[in-house]
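Worksheet: one structure, shown below.
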């Protein structure tokens with residue numbers, strides 16, 4: 001229905017670059033492009049994030065990762081005043097659990113901020129650059145434990161005793177607290 005007005009406005013973009021938010025009107029565009037046989041990735045930004053301890057939802061995670069890419073200098077954009085204004089209009093807050101929450105479009109509208117359509121397109125364009133964001137489900141705690149312990153350096157079981165012996169030998173020479181001393185070791 002509403003998506004029909006976009007008929008014929010498609011630009012020659014390599015299919016591997018088509019990413020569409022499948023919320024609301026986007027689902028119609030997604031289905032139409034699929035009907036045309038194009039390789040399209042539907043992204044539902046309302047879905048769970050790959051790291052629920054840091055982000056409230058996938059939209060927050062994708063925008064935050066885009067922000068990090070800008071900060072690291074990995075992204076350069078044209079001097080598009082609309083895009084720059086939209087990117088600057090993206091607001092965030094921390095929820096009660098300290099997780100990042102990007103303001104919803106509804107909240108932005110309520111606050112008098114225009115819909116960040118170009119910024120959203122840029123965020124979606126970079127969505128597959130973060131494969132961990134697009135995983136179907138979070139890893140089990142067992143899998144997370146295995147991955148973390150595999151990356152841990154080997155610990156010498158005698159190291160603790162060696163530290164204690166050195167501290168005893170040094171006596172009054174340690175002028176800082178134990179926590180700082182531990183960080184040096």
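Numbering (the numbering used here), first residue to last: 1 to 185.
Where is the CB? At the ideal position from N, CA and C, for every residue including glycine.
Asked	Found
Buried or exposed by the 16-neighbour rule on C-beta atoms within 10 Å, applied to residue 77	exposed
Cα-Cα separation, residue 36 to residue 127	22 Å
Those residues which DSSP pairs with residue 21 across a bridge	43
Short Cβ contact (8 Å threshold) for residue 91 with residue 103	yes
Straight-line gap, residue 117 to residue 21 (C-alpha atoms, nearest Å)	11 Å
Three-state secondary structure assigned by DSSP to residue 122	helix
Neighbourhood of residue 18 by C-beta, 8 Å cutoff - its chain only, sequence neighbours within 5 removed	33, 38, 39, 40, 41
Which residues DSSP lists as bridging residue 84, in chain order	Residue 84 pairs with nothing; no bridge assigned.
As assigned by DSSP and simplified to three states, the class of residue 111	coil
Stretch-stretch touch, CB-based, cutoff 8 Å, three pairs: the segment 40-58 with the segment 78-89	no
Proximity of residue 108 and residue 62 at Cβ, strictly below 8 Å	no
Same chain only: Cβ atoms within 7 Å of residue 55, ignoring 5 sequence neighbours per side	49, 61, 64, 99, 100
Enclosing beta strand (DSSP E) for residue 100 [first to last residue]	100-102
Proximity of residue 83 and residue 125 at Cβ, strictly below 8 Å	no
From 93, 70, 69, residue whose alpha carbon lies closest to that of residue 57	93
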